[in-house]
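Novice: Residue numbers (the numbering used here): 3 to 295. Just so you know, even glycine gets a beta-carbon here, dropped at the ideal spot from N, CA and C. Can you read through this structure? Questions will come right after.
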Ligand SMILES: [Zn+2]
């Protein structure tokens, strides 16, 4: 099983989280068909979410919601400190427009909303920035800089296969208060030397090897992160029933009249739920009747 690996420089000014998230990304598409574009962007978002969540405190969780004008429309990725994560892509079949090669065009112009949920808060703490490139990594770095005043390097990698993902992974390096200009210069030079992340993961690099240039040039201590990452949707029959109730009495009446089982597929994990007509009738009875006039 996989864990996020975390490092803190001995002077406390640089922290890094790094992960190989291929298995996690594969779980996101285990039961759901998706285009290469949707898979790459969603895998990057999922990786960013588990990396960011690993730096939270016990019990906390966060979500990243990318919304753009591009064909992918929106991507949502959520993760908890204890490693549970899930992701959703609104238009899983999306392709880049003819002649466009920049993958960020999949999302295009739009916004990234980051919601931080504390266990006892009713409302999450939300910060938002414009999308910088739609490539996910740039956008997360821009958010960290604008919203948290944290200079960072965010490097995310994902290569799709026809079926699932070949590789996914990446790291987030953040500067903590007290860093010097000298550190910034040195890190910028080193970030040029990390190699192409996708190729390095393809060649079998481990999470710590992805960041070896930093580890070799600064003094770091590894911070033990106790939790394994795992894909968990959290969907269940209750949630499915609630989503069906949201369709409203008229639609529900039509579904009952068809006398066919209704199938609902979870958009996060692909699990299929079947509701028989008598279950629909039971749900319908909890809604008000439609006045005849
Ligand atoms: Zn689900």
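Please classify residue 17: does DSSP put it in a helix, a strand, or coil?
Specialist: strand
Novice: Quick one: using the 10 Å Cβ neighbour count with 16 as the cut-off for buried, is residue 74 buried or exposed?
Specialist: Label assigned to residue 74: buried.
Novice: Run the proximity test for residue 270: is its beta-carbon closer than 7 Å to any non-hydrogen atom belonging to ligand 1?
Specialist: yes
Novice: My assumption, with CB atoms under 8 Å, is that residue 27 sits in contact with residue 207. Please give the rounded CB distance.
Specialist: About 16 Å separates the CB atoms of residue 27 and residue 207; that is not less than 8 Å, and the two are not in contact.
Novice: For the segment 33 to 45 against the segment 258 to 277, are there 3 or more C-beta pairs whose distance is under 8 Å?
Specialist: yes
Novice: May I ask you to check if the CB of residue 273 is nearer than 7 Å to at least one heavy atom of ligand 1?
Specialist: yes
Novice: Which parts of the segment 31 to 92 are runs of the beta strand (DSSP E), unbroken and 3 residues or longer, counting only runs that do not cross its ends?
Specialist: Here the runs fully enclosed are 63 to 70, 76 to 82 and 86 to 91.
Novice: In whole angstroms, what is the alpha-carbon distance linking residue 237 and residue 99?
Specialist: 33 Å
Novice: Give a single yes or no on whether residue 237 has its beta carbon closer than 7 Å to a heavy atom of ligand 1.
Specialist: yes
Novice: Give the secondary structure of residue 188 by DSSP, where H, G and I count as helix, E and B as strand, and everything else as coil.
Specialist: helix
Novice: Where does residue 213 fall in DSSP's three states?
Specialist: coil
Novice: Roughly how many whole angstroms lie between the Cα atoms of residue 241 and residue 247?
Specialist: 10 Å
Novice: So residue 113 and residue 131 are supposed to be a Cβ contact under 8 Å. How far apart are they, rounded?
Specialist: 7 Å
Novice: Is the beta carbon of residue 144 closer than 8 Å to that of residue 53?
Specialist: no
Novice: Quick one: residues in its chain with C-beta nearer than 6 Å to the C-beta of residue 72, no 5 flanking neighbours on either side, listed in chain order?
Specialist: Excluding residues within five positions, the ones whose Cβ falls inside 6 Å are 107, 108, 109 and 110.
Novice: Expressed to the nearest angstrom, what Euclidean distance is found between the alpha-carbon atoms of residue 104 and residue 42?
Specialist: The alpha-carbon atoms of residue 104 and residue 42 are separated by roughly 12 Å.
Novice: If contact is defined by three or more beta carbon pairs under 8 Å, each pair taking one atom from either stretch, is the segment 163 to 182 in contact with the segment 75 to 85?
Specialist: No, the segment 75 to 85 does not touch the segment 163 to 182.
Novice: Using the beta-carbon count (16 or more within 10 Å), is residue 141 buried or exposed?
Specialist: buried
Novice: Based on Cα-Cα distance, which residue from 178, 157, 272 and 116 lies nearest to residue 94?
Specialist: 272
Novice: Taking C-alpha atoms, which residue in 205, 250 and 263 lies nearest to residue 289?
Specialist: 250
Novice: Return the residue from the list 177, 45 and 230 that minimises the CA-CA distance to residue 15.
Specialist: 177
Novice: Helix, strand or coil for residue 200? Go by DSSP, reduced to three states.
Specialist: helix
Novice: Using 8 Å as the threshold, is the segment 254 to 264 in touch with the segment 207 to 227, meaning 3 or more CB pairs across them?
Specialist: no
Novice: Measuring only the C-alpha atoms, how far is residue 8 from residue 101?
Specialist: If you draw a straight line from the Cα of residue 8 to the Cα of residue 101, it comes to about 40 Å.
Novice: Sorted by chain position, which residues of the same chain lie with C-beta nearer than 7 Å to residue 97's C-beta, five sequence neighbours on each side aside?
Specialist: 37, 39 and 73
Novice: Measuring alpha carbon to alpha carbon, tell me which of 59, 86, 115 and 191 ends up nearest residue 215.
Specialist: 191
Novice: Under the three-state reduction of DSSP, which class applies to residue 116: helix, strand or coil?
Specialist: strand
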